[in-house]
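Notes follow the structure.
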Amino acid sequence: MNKGRVLVTGAAGYIGSHTVVELTGAGYDVVGVDNFSNSSPQMLDGIRQITGSPLTFIEADCSDRNQLARVFEQYPDIRASIHFAAHKAVGESVQQPLKYFENNLTSLLNLIGLSTADGNSRGIVFSSSCTVYGEPDPENLPIKETAPVKPATSPYGRTKQMCEEILHDCTAACPGLKVIALRYFNPIGAHPSALIGEMPAGVPQNLVPYITQTAAGIRKELKIFGNDYPTPDGTCIRDYIYVVDLAKAHVAAVDRILGTTGSDRYEIFNLGTGTGLSVLELVNHFISATGVNLPYSFAPRRAGDIIKVWADPGKANRVLGWKADTPVDDVLRSAWEWEKKVRGIR
Ligand code: UDP
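Note that the sequence shown covers residues 51 to 396 in this note's numbering.
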């Protein structure tokens with residue numbers, strides 16, 4: 051069954067690659083786009099091996115309108131886009147805000163312009179983030195989509211907020227446009243085939259890649275940033291969601307956007323498990339699930355860290371008919387299998 055053509059920007063990236071696999075499995079014709087600014091063509095081979103089918107792919111920079119226009123000229127039958135392509139390093143965005151505003155905003159503006167230029171109806175699924183909630187007030191946990199958006203603490207976070215607002219306004223003005231913004235909590239893990247996964251450049255900033263690199267002996271020890279937070283064990287709490295579960299939510303979002311039954315033209319969904327885990331709990335899950343030694347020590351707090359946040363995924367569960375239900379031990383094992391594969395560890 052062919053369900054139509056979907057453009058995936060950032061197709062070689064971490065969440066993008068897993069989503070291309072799930073879309074293909076669900077019967078969509080994918081056209082992938084990436085400029086490899088923070089990803090590698092190797093990921094496309096992984097996708098092709100998993101799906102067992104050729105992947106339509108164009109190397110293009112979404113912030114260059116002409117390059118993205120050529121994609122739409124070549125594939126005017128694109129019915130919806132999933133927009134992953136963006137810079138995402140919080141720390142770098144503080145150092146180089148203009149790089150983030152230029153790239154993340156321009157790419158989205160180009161995509162909206164080209165999605166609506168020929169008068170066809172199209173959908174956009176946008177990669178947003180729970181970072182828009184900032185530090186939630188305790189009475190707002192678990193956090194619903196109706197919780198207030200707090201002033202962004204980094205230019206990266208601000209681009210996510212601004213992009214959501216731009217999409218909201220454009221949807222109101224353009225009857226052919228339908229948008230779903232997906233606010234991700236903390237995506238982790240890798241495809242069970244270990245053919246695609248997270249590939250951070252340089253020293254990982256995120257917890258799970260740091261854990262797996264430490265377990266692989268590339269880093270000496272994991273530093274747990276802060277054990278004096280007002281949480282049961284003193285470490286920060288997050289909602290860690292399996293990247294494959296997350297990818298499946300994108301298929302559900304595209305199904306909804308292209309469906310005929312009336313949905314609002316601009317919708318927001320939280321994508322999380324609904325369960326918060328502390329850093330220490332996640333570390334202990336990793337050790338017990340893999341049986342691997344993981345040296346760690348406590349270090350000072352990291353500037354800007356949120357103390358605790360986890361999702362109320364009830365709206366996505368009900369409306370998208372989707373649930374993140376992969377056990378965290380399986381997820382952590384998948385991350386470890388991927389790390390071993392990348393490092394050639396048996
Ligand atoms: N963290 C840590 N050591 C690391 C990396 C992260 O203790 O080397 C902690 C971090 O302080 C936070 C949690 O792990 O409490 C998740 O961090 P990550 O950067 O993965 O996600 P985010 O902070 O963006 O939610």
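We put the beta carbon where it would ideally sit given N, CA and C, even for glycine.
query: N- and C-terminal bounds of the beta strand (DSSP E) containing residue 57; result: 55 to 59
query: Residues that DSSP places opposite residue 178 in a beta bridge; result: 233
query: First through last residue of the beta strand (DSSP E) which encompasses residue 245; result: Element bounds for residue 245: n/a, residue is neither H nor E.
query: Check: residue 355 C-beta below 7 Å from any heavy atom of the ligand GTP; result: With respect to the ligand GTP, the structure offers nothing, as its ligand set consists of the ligand UDP.
query: Residues near residue 248 in its chain [Cβ-Cβ closer than 7 Å; skip 5 each side]; result: 64, 240 and 259
query: Reduced DSSP category for residue 223 - H, G, I as helix; E, B as strand; rest coil; result: helix
query: Beta-carbon separation (whole angstroms), residue 395 vs residue 202, contact threshold 8 Å; result: Residue 395 to residue 202, Cβ: 39 Å. No contact.
query: Opening and closing residue of the alpha helix (DSSP H) in which residue 260 lies; result: 257 to 265
query: Endpoints, the beta strand (DSSP E) within which residue 320 is located; result: 316 to 321
query: Closest by C-alpha distance to residue 279, when choosing among 51, 224 and 359; result: 359
query: Cβ-heavy atom distance, residue 416 to the ligand UDP, below 7 Å; result: The chain is shown only over 51 to 396; residue 416 falls outside these bounds and no answer can be derived.
query: Near the ligand UDP: residue 306 beta-carbon under 7 Å from a heavy atom; result: no
query: Cross-strand partners of residue 292 (DSSP beta bridge); result: 238
query: Limits of the unbroken beta strand (DSSP E) element including residue 397; result: Outside the modelled stretch of the chain, which goes from 51 to 396, sits residue 397, for which no answer is possible.
query: Stretch-stretch touch, CB-based, cutoff 8 Å, three pairs: the segment 292 to 311 with the segment 362 to 381; result: yes
query: Heavy atom of the ligand UDP within 7 Å of residue 381 beta-carbon; result: no
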